[in-house]
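Since the structure comes first, as structure tokens, the remarks are kept for the end.
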Amino acid sequence: MLKYFLRQGMVQIRRYLVQSSLAILGVAIGVANVIMLISITDLGRRQTMGMINEFGANVFMVSPYIDFKAGPFANMKGASVQLPDESWRVVEPLPEVENVAPALMLPGYILNGEKQSYTTLFGINQYFLESRGHEIDKGRFLQDGDIEEQSKVLVLGPSVAAALFGEDEDIIGREVQIRDEPFKVVGLLKTRGRVGMEDMDNAAYMPLEVEQELLGFVGVTGFFVRYSQQVGEEKAMAAVRDALQTTLNDGEILEESYSVFTVKDAVKLMDKALEIFKVVLLGVSSIALLVAGIGIMNVMLIRVIQRRPEIGIRRAVGASQGQVAIQFLIEACVKALIGAVIGIGLGVLGVFIYCNYTEWEPWVSPRTIALGALFSIAVGLIFGSWPAARAAKQDPVACLRSEI
Numbered sequence: 044m045l046k047y048f049l050r051q052g053m054v055q056i057r058r059y060l061v062q063s064s065l066a067i068l069g070v071a072i073g074v075a076n077v078i079m080l081i082s083i084t085d086l087g088r089r090q091t092m093g094m095i096n097e098f099g100a101n102v103f104m105v106s107p108y109i110d111f112k113a114g115p116f117a118n119m120k121g122a123s124v125q126l127p128d129e130s131w132r133v134v135e136p137l138p139e140v141e142n143v144a145p146a147l148m149l150p151g152y153i154l155n156g157e158k159q160s161y162t163t164l165f166g167i168n169q170y171f172l173e174s175r176g177h178e179i180d181k182g183r184f185l186q187d188g189d190i191e192e193q194s195k196v197l198v199l200g201p202s203v204a205a206a207l208f209g210e211d212e213d214i215i216g217r218e219v220q221i222r223d224e225p226f227k228v229v230g231l232l233k234t235r236g237r238v239g240m241e242d243m244d245n246a247a248y249m250p251l252e253v254e255q256e257l258l259g260f261v262g263v264t265g266f267f268v269r270y271s272q273q274v275g276e277e278k279a280m281a282a283v284r285d286a287l288q289t290t291l292n293d294g295e296i297l298e299e300s301y302s303v304f305t306v307k308d309a310v311k312l313m314d315k316a317l318e319i320f321k322v323v324l325l326g327v328s329s330i331a332l333l334v335a336g337i338g339i340m341n342v343m344l345i346r347v348i349q350r351r352p353e354i355g356i357r358r359a360v361g362a363s364q365g366q367v368a369i370q371f372l373i374e375a376c377v378k379a380l381i382g383a384v385i386g387i388g389l390g391v392l393g394v395f396i397y398c399n400y401t402e403w404e405p406w407v408s409p410r411t412i413a414l415g416a417l418f419s420i421a422v423g424l425i426f427g428s429w430p431a432a433r434a435a436k437q438d439p440v441a442c443l444r445s446e447i
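Here is the structure:
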């Protein structure tokens, strides 16, 4: 019986191809949205996790105060955007600490004649790039002498180099300008790709004090602390907190001025943000599927009117109300499933296209595909129920009297 109903469902789809195609297309778009949005969010998390793990096991971070318990979006307002230079300098001489890597991050333009690049300018010391897992492609990293002499030198990310020099591979030793000041290019980093829509290669690095003087900015955005593995994480973090306590003014509280957190803490905060983001995206995708479901219901209600003679004949030869209802319900589900198959294909294709753009390794979770399929089945069942019930309740005699 089920096989018969499935076959009849396909027959009816072919018979009313245009109407059915529009309903199927709506489901396909909704499922494709689910597949793409959730998969891209998961891929972004994997990329970010990989970059965070490059920090190493014996690294933690210090930043302006972050309320980890309040969640990621509570920290978008009211937080300080900088730390005083004193904060990282009092940590640097601690015996528990191997090195400190401060960073000042500000947007700015770099010029090469008529060419320009709008990028993130990082003011750093000699430890920052290696602590972040960067690798040099050409030239060198910033060195001790660059920091001590406050040399106007730059290490460029590949995207900045491409914008300023095009396909010219001979960029080491070339001169560029930032705010009319000449800078010498001493290094080119290996590519790191994208995280979401953010180009991780769109960055340029110079000595910290040079950037502070150039842009008129005092302090740093935050800093990384690499501690001795013999000391241990808890002891090193306690020593850093004690040192930071000495930088506070009267009435200031350490826990409300600084956040000292590990890679695990950063991952937890990121997971909170991504889970909220994923729920929002799922809600947006659900709206698309809701609209598709209404389309299926509309088509099926029209089909009930068009097929009244058929319903009358089926009832006359012994079909029960339940059998009529099941036939129409299965037809709605068949439309939804066809839409799901097309949507899964479109969604996976969209993920591959996006990954080709971002240079990520494409990956779609089987759970995401299953979720898209389950959503479509639910749409077919929910929005096919009312038309199926109306078909079952049709008066057989009145149906037989209707025009064919």
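Heads up, the final residue of the sequence shown is numbered 447 in my numbering, and it's a clean run with no missing numbers.
Glycine residues also receive a C-beta, built at the ideal position from the N, C-alpha and C atoms.
Among all the DSSP beta bridges, which residues are the ones paired with P150? Looking at the DSSP assignment, P150 forms a beta bridge with T163.
Could you work out which residue in R410, G326, A204, V143 is closest to Y270 when comparing CA atoms only? Per the Cα distances, V143.
Residue from I67, E318, D180 whose Cα sits closest to the Cα of D85: It is E318 whose Cα lies nearest to the Cα of D85.
Could you tell me which residues DSSP pairs with Q288 in its beta bridges? Partner residues in a beta bridge of Q288, as assigned by DSSP, do not exist.
Quick test of your reading: Q125 and T264, contact by CB under 8 Å. State the CB separation rounded to the nearest angstrom. Rounded, the Cβ-Cβ distance is 6 Å, consistent with contact.
Please report the distance separating the alpha-carbon of V422 from that of C376. Roughly 8 Å between the two C-alpha positions.
Note down, in chain order, each residue of its chain lying with its Cβ closer than 8 Å to the Cβ of A432, except the 5 sequence neighbours on either side. Around A432: A368.
Rank G209, S82, L68, Y301 by C-alpha distance to the C-alpha of G393 and give the top, closest one. Here the closest residue by C-alpha is S82.
Assuming G382 contacts V74 under a Cβ cut-off of 8 Å, what Cβ separation, rounded to an integer in Å, is found between them? Confirmed, about 7 Å.
Going by CA-CA distance only, name the one from Q62, Y248, A335, R237 that's closest to N399. Comparing Cα-Cα distances from N399 to each of Q62, Y248, A335, R237, the minimum goes to R237.
Which word fits K233, buried or exposed, when buried means at least 16 other C-beta atoms lie within 10 angstroms of its C-beta? Exposed.
Same chain only: Cβ atoms within 7 Å of A204, ignoring 5 sequence neighbours per side: Correct list, in chain order: I214, L231.
Y373 versus S328: straight-line alpha-carbon distance, rounded: Going by the sequence as given, residue 373 is Ile instead of Tyr. I373 and S328: Cα-Cα distance of roughly 24 Å.
Per-residue DSSP class, three states only, for N399: In the structure shown, N399 sits in a helix (DSSP, three-state: H, G or I).
Would you mind sorting G427 into buried or exposed? The rule is 16 or more other CB atoms within 10 Å of its CB. A residue is called buried when at least 16 other Cβ atoms come within 10 angstroms of its Cβ; G427 meets this threshold and is buried.
If we call anything under 9 Å between Cβ atoms a contact, is G182 one with V219? No. Outside cutoff.
What does the Cβ neighbour count give for I345, buried or exposed, with the cut at 16 atoms within 10 Å? The residue in question, I345, is exposed, as its Cβ has fewer than 16 Cβ neighbours within 10 Å.
Since A362 is in the beta strand (DSSP E), which residue starts that stretch and which ends it? Per DSSP, A362 belongs to no beta strand (DSSP E) and is neither H nor E.
Just the Cα atoms here: how many angstroms apart are V198 and E277? Near 34 Å, if we compare the C-alpha coordinates of E277 and V198.
Please classify L27: does DSSP put it in a helix, a strand, or coil? In this structure the chain extends from 44 to 447, so residue 27 is not present and cannot be described.
Taking buried to mean at least 16 other C-beta atoms within 10 Å of its own C-beta, is V391 buried or exposed? Taking every protein chain shown into account, the CB of V391 has 16 or more other CB atoms within 10 angstroms, so this residue is buried.
Would you mind reading off the limits of the beta strand (DSSP E) that contains E139? Segment: none, E139 is in no beta strand (DSSP E) and carries neither H nor E.
Between E135 and the rest of its own chain, which residues show a CB-CB distance below 6 Å, the 5 nearest in sequence each way excluded? Result list for E135: V143, in chain order.
Counting C-beta neighbours from all protein chains within 10 Å, is the total for I167 16 or more, i.e. buried, or is it exposed? With 16 or more other Cβ atoms within 10 Å, it is buried.
For S174, collect the residues of the same chain with a Cβ closer than 7 Å to its Cβ; drop the 5 residues on either side in sequence, then sort them by chain order. Contacts found: F98, V102, A144, F267, R269.
Spatial neighbours of P439 in its chain, beta-carbon cut-off 7 Å, leaving aside the 5 residues before and after: Excluding residues within five positions, the ones whose Cβ falls inside 7 Å are G355, R358, A359.
Answer with buried or exposed for W406, where buried requires no fewer than 16 other C-beta atoms within 10 angstroms of its C-beta. With fewer than 16 other Cβ atoms within 10 Å, it is exposed.
Apart from the five residues just before and just after F165, which ones in its own chain have a Cβ nearer than 8 Å to its Cβ? Contacts found: A146, L147, M148, F171, A246, A247, Y248, M249, E254.
CA nearest to the CA of A206, picked from E299, D244, V196: Looking at the Cα atoms, D244 is the closest of the given residues.
Residue burial classification, G275 (beta-carbon count within 10 angstroms, cutoff 16): Per the 10 Å Cβ criterion, exposed.
Please check the pair S130 and L297, which I expect to be a contact at CB under 8 Å, by giving their CB distance rounded to whole angstroms. The C-beta distance from S130 to L297 rounds to 11 Å, too long to meet the 8 Å contact threshold.
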